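Take a look at the structure set out below.
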Amino acid sequence: SQYWTSGIEVFESDAYRNFGRVFLDIVSDVTLPRDLTIPENGILIIEGMAKNLTVPQGINLTNHGVLRIDEAKSLYNYGTIENHGYFYIRANLFNYGTVEMLPAEAGSSWESLMDMVQYGYVENNGEVTFHTGSRLVQHETSLWTGNAPVWEYITQDQLEAELAAAAERGET
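Spelled out as structure tokens, the structure:
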């Protein structure tokens, strides 16, 4: 593994492919200047000297790997977070935008999970939607305040239609 302590640009380059799993430890407050995608083999950790990661309005943070907010740190979301991987909250998520918990993609080594571990805190002033195939695990000492999450489930008819369409395309 290569341990990165510099800019978020590593996920936008080919460099991470040379090292297998990439750990990016943000060591100062960061506001995303543009959309960012964490690949399946990527791990974005907000810890150490970092205090805040801010996703501004109009910016998308997409996670296919691991997005981890550690002790006494905060993620401020005014934009959109699209999660297909592991979203670990052991500190603070202040949501004023949109969080979409979507199913992991086929063949992914991760499941779509928001894990509010010990003392994790979510203040939801925006919209958080858990789609079919994603889940929330909330430790007894964690706290969710503000708007309740939206749970979106697929109906039996929708499931059968999707399975029939996949069969027509030759997918199993």
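Sequential numbering of the sequence shown, starting at 1250, is according to our numbering.
Glycine included, each C-beta is placed from N, C-alpha and C at the ideal position.
Quick caveat, the model's predicted, so the values are computed rather than measured.
Since residue i is in the alpha helix (DSSP H), which residue starts that stretch and which ends it?
i, result
"residue 1406", "1405-1417"
Just to confirm, is the Cβ distance from residue i to residue j under 8 Å?
i, j, result
"residue 1370", "residue 1391", "yes"
"residue 1280", "residue 1303", "yes"
"residue 1363", "residue 1330", "no"
"residue 1378", "residue 1350", "yes"
"residue 1317", "residue 1293", "yes"
"residue 1361", "residue 1289", "no"
"residue 1323", "residue 1344", "no"
"residue 1333", "residue 1353", "yes"
"residue 1335", "residue 1359", "yes"
"residue 1388", "residue 1407", "no"
"residue 1319", "residue 1295", "yes"
"residue 1394", "residue 1372", "yes"
Identify the continuous beta strand (DSSP E) that holds residue i and give its terminal residues.
i, result
"residue 1283", "Here residue 1283 belongs to no beta strand (DSSP E), and DSSP marks it neither H nor E."
"residue 1383", "1383-1387"
"residue 1401", "1399-1401"
When DSSP builds the beta bridges, which residues end up paired with residue i?
i, result
"residue 1394", "1372"
At 3 residues or longer, and completely inside the stretch 1301-1381: list those beta strand (DSSP E) runs for me, N to C. 1301-1304, 1309-1312, 1315-1318, 1323-1326, 1329-1332, 1335-1338, 1341-1344, 1347-1350, 1361-1365, 1370-1373, 1376-1380
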